[in-house]
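Residues in the sequence shown are numbered from 0 upward in steps of one, following numbering that gives the first Met the number 0.
Below: the structure, in structure tokens.
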Amino acid sequence: MNGTSSRMVIVGAGIVGASVAYHLARQGQHVVVVEQAHPAAGATGSSFGWISEGVPEGAPDAFLRREIVADWMRLAQEI
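Pasting the structure below:
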């Protein structure tokens, strides 16, 4: 970024829109989120995507799942 601030409009307050808005705002951008219903009203709130600390040892995705939990914990502390 060149140090200037821009006005950003994010359409959708699901996990992607909320994350983009959060990170842009942290960078000093002016952000407005527009949502048709309420936050997480669409796919984010309806999906079975969830984060679990229970990771079976030896699972092919065990490392990735542990990293996801660690990222989630860092974000929780940050906000």
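Built from N, CA and C at the ideal position, the CB exists for glycine as well.
Bear in mind the structure is a predicted one, so any value in this text is a computation, not a measurement.
Item to complete: Name the one or two DSSP bridge partners that Ile29 has.
Response: Sequence index remark: in the sequence shown, residue 29 carries index 30 (1-based). Reading off the sequence, residue 29 comes out as His, not Ile. Bridge partners of His29: Arg6.
Item to complete: From the DSSP output, in three-state form, read off Ala12 for me.
Response: For the purposes of this step, residue 12 is taken as the residue at position 13 of the sequence shown. Coil, per DSSP.
Worksheet item: From what residue to what residue does the alpha helix (DSSP H) around Ser51 run?
Response: Mapped onto the sequence shown, residue 51 falls at position 52. Unbroken run through Ser51: none, as it is neither H nor E.
Worksheet item: Just to confirm, are Ala42 and Ala12 a CB contact at a threshold of 8 Å?
Response: As a working note, residue 42 is residue 43 in the sequence shown. As a working note, residue 12 is residue 13 in the sequence shown. No, the Cβ-Cβ distance between Ala42 and Ala12 is not below 8 Å.
Fill in: Coil, strand or helix - Ile67 by DSSP
The residue given as residue 67 occupies position 68 in the sequence shown. Of the three classes helix, strand and coil, the one that applies to Ile67 here is helix, per DSSP.
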